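Sequential numbering of the sequence shown, starting at 880, is according to the numbering used here. Every residue gets a Cβ at the ideal spot worked out from N, C-alpha and C, and that includes glycine. These numbers come from a predicted model, not from an experiment. Written below as structure tokens is the structure these notes are about.
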Amino acid sequence: MTGHIYRDVILEQHIHLFRDAKGAEFLFMDDNARPHRANIVDECFQSEDITPRQHPPTCLPELWRALLDEWCNIPQDQTDSLILRMPRRCKACIVSSGRHTPYQPSY
880 MTGHIYRDVI LEQHIHLFRD AKGAEFLFMD DNARPHRANI VDECFQSEDI TPRQHPPTCL
940 PELWRALLDE WCNIPQDQTD SLILRMPRRC KACIVSSGRH TPYQPSY
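Structural data, given as structure tokens:
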């Protein structure tokens, strides 16, 4: 398979149909096979309304940085709400002897 065939047949005829049907939930993954990395395929992805996913951290400092970034993105009112609900959740856990408790998130 060449990059042209991959783009014209797989991406254009099949993948775009699935993407349109799934909407925002669509996730497309491929590997590093040569047809997938051809310049013509990269251009196709760059010309579309596609948001590339970031690669996961590969070392502890990168992981720590990513975790801190996400932690800082949690809205303060959400954190406050979780803290205020903690006594009720602890009580429910004690009453159920540590078994299942109904959890109803409401941020």
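Around the Cβ of arginine 886, are there at least 16 other Cβ atoms within 10 angstroms (buried) or fewer (exposed)?
-> buried
If we ignore side chains and look at the alpha-carbon of each, how far apart do glutamate 922 and proline 935 end up?
-> 23 Å
What's the gap between the Cα of arginine 944 and the Cα of aspartate 959?
-> 23 Å
Measuring alpha carbon to alpha carbon, tell me which of Arg898, His895, Val920 ends up nearest methionine 880.
-> Val920
In chain order, what residues of the same chain lie with their CB nearer than 7 Å to the CB of alanine 912, ignoring the 5 residues before and after it?
-> none
Beta-carbon contacts of arginine 978 that lie in its chain and below 7 Å, excluding the five residues immediately before and after | none
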